[in-house]
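Note sheet for the following structure.
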Amino acid sequence: MHFSKTTEYAIRVLSYLDRYPNKAHSASFLHKELGLPYKYLTKLMTQLEKQDLVNVLKGRNGGFNLAKDSEQIFLCDILEAIGEPLEFDRCILGFEMCDASNPCALHSQWIEPKINIENMLQTTSLASLANDIKTKI
């Protein structure tokens, strides 16, 4: 499983902001520091702000910071904020009709991994990710 580029960028930006909780960072600073495309980054930050994951501080020393404690931001929140669907009800093979009464060839094998992934997305906080990512940014 791979996250989309948007998800990767969101996690990187939010993790960076978590490293410096008492400081606001401008989009141009984040662009330079993290090497993310500027226009893409500004759109992403707007999405994250609309979903209350980041604050926008106006003025000379303005910029972005986390809107809540990183212990309260989970991977599923980030995915939802950027519009990445959590489509665990879809058939893993793409069939229209796939359920317990009409299963695809992988239906029963997909149940446990699907539950594990859903659980990981709902229980992995930005704080726990940030600890691992800090050395990689």
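Residue numbers for the sequence shown follow our numbering, beginning at 15 and rising by one. Even glycine gets a Cβ: it sits at the ideal position worked out from N, Cα and C.
Going by DSSP, what residue range makes up the beta strand (DSSP E) through residue i?
{"i": "Phe78", "result": "77-80"}
Mark residue i as exposed unless 16 or more other C-beta atoms lie within 10 angstroms of its C-beta, in which case mark it buried.
{"i": "Phe78", "result": "buried"}
{"i": "Thr149", "result": "Bear in mind that the predicted position of Thr149 carries a pLDDT of just 47, short of 50, making it unreliable; the figure below should be weighed with that in mind. It counts as exposed."}
{"i": "His39", "result": "buried"}
{"i": "Ala107", "result": "The sequence given here places Leu at residue 107; Ala does not occur at that position. Exposed: under 16 other Cβ atoms inside 10 Å."}
{"i": "Ser42", "result": "exposed"}
Which one or two residues does DSSP pair with residue i in a beta bridge?
{"i": "Asp32", "result": "In the DSSP output, where bridge partners are listed per residue, Asp32 has none listed."}
{"i": "Asp91", "result": "Answer by DSSP bridge pairing: none, since Asp91 is not bridged."}
Between residue i and residue j, how many whole angstroms is the CB-CB distance? I'm expecting something under 8 Å.
{"i": "Ile92", "j": "Ala141", "result": "Between Ala141 and Ile92 the Cβ distance is about 13 Å, and since that is not below 8 Å, they are no contact."}
{"i": "Leu100", "j": "Ser29", "result": "About 20 Å separates the two Cβ atoms, so there is no contact after all."}
{"i": "Gln87", "j": "Leu67", "result": "Checking the displayed sequence, the identity of residue 87 turns out to be Ile instead of Gln. Right, the Cβ-Cβ distance comes to about 6 Å (below 8 Å), so this counts as a contact."}
{"i": "Glu132", "j": "Ser18", "result": "Actually they do not touch by this definition, with Cβ atoms about 18 Å apart."}
Which residue comes first and which comes last in the alpha helix (DSSP H) that contains residue i?
{"i": "Asn69", "result": "Asn69 -> not in any alpha helix (DSSP H); beta strand (DSSP E) instead, spanning 68-71."}
{"i": "Pro51", "result": "That residue, Pro51, is in no alpha helix (DSSP H); it is neither H nor E in DSSP."}
{"i": "His121", "result": "121-137"}
> Is the stretch 110-129 touching the stretch 44-62 in the sense that three or more CB pairs, one from each, lie closer than 8 Å?
Replying inline: With a cut-off of 8 Å, the stretch 110-129 and the stretch 44-62 do not count as touching, because too few Cβ pairs lie within range.
> Is the number of C-beta pairs between the stretch 34-46 and the stretch 74-85 that are closer than 8 Å three or more?
Replying inline: The stretch 34-46, when compared against the stretch 74-85, does touch it at the 8 Å Cβ threshold.
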